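*Asks:*
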Amino acid sequence: MRGSLENAVGAALIGLLVPLAGCAVEPDPPASRVVVVGFDGLEYEALRRYSSQLPTFSRFLAEGAHAEMEVTTPIMSPIVWTTLASGYPADVHGVGGWTNGRGKSFTGADVRVERLWDAASAAGHTSLVSGWLMTWPASILRGQVLSDRFVWSHPMSRDSSRPAVEEEREATTFPDDLAELASGLVPDAAWLSASPLAYQVAAYGAPSHPLRRDETHVRVFEALWPQSEAALGVLYLNGADQVSHLYWPFQDPDVQRVVRRDSTAHKRQVDELMRRHPQQNRPPYGEFGLTSADLGEAGRWVPDYYEYLDGVLARVWSLVGPDTTLVLLSDHGFQCSSSKPLVVGGHRGVAVFAAVGPRVKVRAGGKSHIFDVAPTLYALLGLPAGRDMPGRVLHELFDVEEPERVDTRVLERGAIEVGEGGSAGDDALRSQLEALGYLDEEGRPNAAIGESRRSTNVVVDDKNPVR
Ligand SMILES: [Zn+2]
């Protein structure tokens, strides 16, 4: 097994050499290696509340620098993760949400700016990209890409009547033969059922629960990083977001107090929700209503998933070692929705930014903005950001020189890769959106979905325009 894994890694590396043959540029060595772990929906309050169960997160925050990170609105993961990787707002980077209002999903082919790995590649450095949102179709670059559609995120829904989606393999990795290695790393049924999260996987089925997807992204990163010599590694994990949408309220102390006092309070909110949105999936415990007898079990889902993520962080941290700058990010936090606080988790506009490594100043607290992430990562890589990026380098958190900026990292039209228009996972995406109902902070189906790009490239939010 071990031998075949190494062979597969070797094959992936040989595949990598082909497109670079004939390219004799000797790059300057990168200032230092940088690894970014993105946890969708990771919430500071949960890291504090469960700190005794989360030894790695706790040590990471204590030993490194961290700051509360302000998020732009609308808080939608494809928009924010593309901003984090590029430094540009949605109206510049081109990803306006999940779908464009004409039934088509946004993909990596819509991105009109360089992301960090594109810029690193152009400067002669290699990158390892595992699972980052909006990376399908996988770009051709120096390095390796496991796109976000390699293991498609199925809806976290108990409705097993939904048709299974055939996962297409076209352009889901770069190089292409990385798909073979990655397929061998997808956790099997035996591993999933031995996991501490087996009770969650059993409730939703393996394709719908995010553990299988997250673990694949981690395993591919672990398999490739040691040999990759990449200047930049990025790894994206989705599970905290999916589990928190459905289970966040049940671990909230205020919600628990209400449920203990009033055994029908939860059921009333569920009924109200179903009356307004009859096509939506019934939320967990929605049939009979959550009572104090259910709290022990219901309250475990979120902290148990965080415990898994704590283990992931420990694996990545020990793999990359002390000489690498390791950055931990989320795209938003979580809170109980204001309109259905007992029933659904909603996004909170404060995300996590934390880092450890040789150039990190030990400092707790402070403020940052999602616009600051890319310029800071550019500086850590010794590469120039764009003068037209709104963010700044977080000098208060890092000992780093910022190279003089270039005018822009917006792609010229000719440089934009136009995909072949494949449809890997498109149907799965739509069923996911239906199933999640994608609730906004108020607990309503998010009106921004499908309308976020009313005109060709302007994303508008009434209260808080993106630009
Ligand atoms: Zn998110």
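Here this note's numbering = 1-based position in the sequence shown + 824. Don't be surprised by glycine CBs; every beta carbon is placed ideally from N, CA and C. Keep in mind that this is a model prediction, so the values were computed, not measured.
Tell me whether G920, by its Cβ, gets closer than 7 Å to a heavy atom of ligand 1.
*Replies:* Indexing the sequence shown from 1 puts residue 920 at position 96. No; taking the cut-off as 7 Å, the Cβ of G920 has no heavy atom of ligand 1 nearer than that.
*Asks:* Roughly how many whole angstroms lie between the Cα atoms of T997 and R1081?
*Replies:* As a first step, residue 997 is located in the sequence shown; it is residue number 173 there, counting from the start. As a first step, residue 1081 is located in the sequence shown; it is residue number 257 there, counting from the start. Straight-line Cα distance between these residues: approximately 47 Å.
*Asks:* What would DSSP say about V1224, mapped onto helix, strand or coil?
*Replies:* Numbered from its first residue, the sequence shown carries residue 1224 at position 400. It is coil, neither helix nor strand.
*Asks:* Please classify R1037 as buried or exposed, where buried requires at least 16 other C-beta atoms within 10 Å of its C-beta.
*Replies:* Taking the first residue of the sequence shown as 1, we reach residue 1037 at position 213. Under this definition R1037 is a buried residue.
*Asks:* Using a Cβ-Cβ cutoff of less than 6 Å, which residues in the same chain neighbour A1203 once the five nearest sequence positions on both sides are dropped?
*Replies:* The residue given as residue 1203 occupies position 379 in the sequence shown. V1217, V1224, E1226, listed in sequence order.
*Asks:* Given 7 Å as the limit, tell me if H1156 has its C-beta closer than that to any heavy atom belonging to ligand 1.
*Replies:* Within the sequence shown, the letter at position 332 stands for residue 1156. Within the cutoff, so yes.
*Asks:* Check each candidate in L1114, G1063, R1084 and name the one with the smallest Cα separation from D1095.
*Replies:* In the sequence shown, residue 1095 corresponds to position 271, counting from 1. If we check each option's Cα against that of D1095, L1114 comes out closest.
*Asks:* Can you find the residues in the same chain that come closer than 8 Å, C-beta to C-beta, to W1141, ignoring five residues on each side of it along the sequence?
*Replies:* Translated into the one-based positions of the sequence shown, residue 1141 becomes position 317. Counting only Cβ-Cβ distances below 8 Å, and skipping sequence neighbours, we find T880, F884, L1150, V1180.
*Asks:* My guess is that G1210 and D1196 are in contact by the Cβ rule of under 8 Å, so how many angstroms apart are they, rounded?
*Replies:* The residue you call residue 1210 lines up with position 386 of the sequence shown. The residue you call residue 1196 lines up with position 372 of the sequence shown. Incorrect: roughly 14 Å between the Cβ atoms, too far for contact.
*Asks:* Using the Cα positions of H1069 and M1213, report the straight-line distance between them to the nearest angstrom.
*Replies:* Locating residue 1069 in the sequence shown gives position 245, where the first residue counts as 1. Locating residue 1213 in the sequence shown gives position 389, where the first residue counts as 1. When rounded, the distance between both Cα atoms is 31 Å.
*Asks:* Give me, in chain order, the residues of the same chain whose beta-carbon lies closer than 7 Å to that of R939; leave out the 5 immediate sequence neighbours on both sides.
*Replies:* By one-based count along the sequence shown, residue 939 stands at place 115. A909, S910.
*Asks:* Can you tell me whether DSSP reads M900 as helix, strand or coil?
*Replies:* Start at 1 with the first residue of the sequence shown, and residue 900 comes out as number 76. The answer is coil: DSSP assigns M900 none of H, G, I, E or B.
*Asks:* Give the single residue among D1086, R1100, V953 whose Cα lies nearest to the Cα of L1048.
*Replies:* Numbered from 1 along the sequence shown, position 224 holds the residue referred to as residue 1048. Answer by Cα proximity: V953.
*Asks:* Less than 7 Å separating the Cβ of G783 from some heavy atom of ligand 1?
*Replies:* Since the first residue of the chain shown is 825 and the last is 1291, residue 783 is not available in this structure.
*Asks:* With R1081 as the anchor, note down where its alpha helix (DSSP H) starts and where it stops.
*Replies:* For the purposes of this step, residue 1081 is identified with residue 257 of the sequence shown, where counting begins at 1. Start and end: 1077-1085.
*Asks:* Let me know the secondary structure DSSP gives M893 once reduced to three states.
*Replies:* Sequence index remark: in the sequence shown, residue 893 carries index 69 (1-based). Residue state, collapsed to three classes: strand.
*Asks:* With a threshold of 16 other CB atoms inside 10 Å of the CB of P1102, please say whether the residue is buried or exposed.
*Replies:* Reading the sequence shown from its first residue, position 278 is the one you call residue 1102. Flag for P1102 reads exposed.
*Asks:* If contacts are defined as beta-carbon pairs under 8 Å, then S1220 and G1190 qualify, I think. What distance do you get, rounded to the angstrom?
*Replies:* Sequence index remark: in the sequence shown, residue 1220 carries index 396 (1-based). Sequence index remark: in the sequence shown, residue 1190 carries index 366 (1-based). In the sequence under discussion, the amino acid at residue 1220 is Glu, which differs from the Ser named in the question. The Cβ separation is near 6 Å, so the contact holds.
*Asks:* Alpha carbon to alpha carbon, how far is N1270 from Q1104?
*Replies:* Position 446 of the sequence shown, counted from the first residue, corresponds to residue 1270. Position 280 of the sequence shown, counted from the first residue, corresponds to residue 1104. Low confidence applies to N1270: its pLDDT is 39, below 50, so where it sits in the model is not reliable, and the reading given next is rough at best. The alpha-carbon atoms of N1270 and Q1104 are separated by roughly 13 Å.
*Asks:* What does the alpha-carbon distance come out to for the pair T896 and V969?
*Replies:* To locate residue 896, count along the sequence shown from 1; it is residue 72. To locate residue 969, count along the sequence shown from 1; it is residue 145. Looking at the two C-alpha atoms, the distance is approximately 27 Å.
*Asks:* Quick check: is any heavy atom of ligand 3 less than 7 Å from the C-beta of S875?
*Replies:* No copy of ligand 3 occurs in the structure displayed; its ligands are ligand 1 alone.
*Asks:* Which of helix, strand or coil does DSSP assign to K1091?
*Replies:* The residue labelled residue 1091 in the question sits at position 267 within the sequence shown. DSSP places K1091 in helix when its eight states are reduced to three.
*Asks:* Excluding sequence positions up to five away, which residues of its chain have a Cβ less than 8 Å from the Cβ of S875?
*Replies:* Sequence index remark: in the sequence shown, residue 875 carries index 51 (1-based). Cβ neighbours of S875 beyond the five flanking positions: F881, S882.
*Asks:* Do the segment 941-951 and the segment 1060-1068 make contact, defined as three or more Cβ pairs closer than 8 Å?
*Replies:* No, they do not touch.
*Asks:* Using C-beta distances below 6 Å, list every residue in its chain close to F1074, excluding the 5 sequence neighbours before and after it, in chain order.
*Replies:* On the sequence shown, position 250 is the one that residue 1074 refers to. Within the same chain, F1074 has close Cβ partners A1122, G1123.
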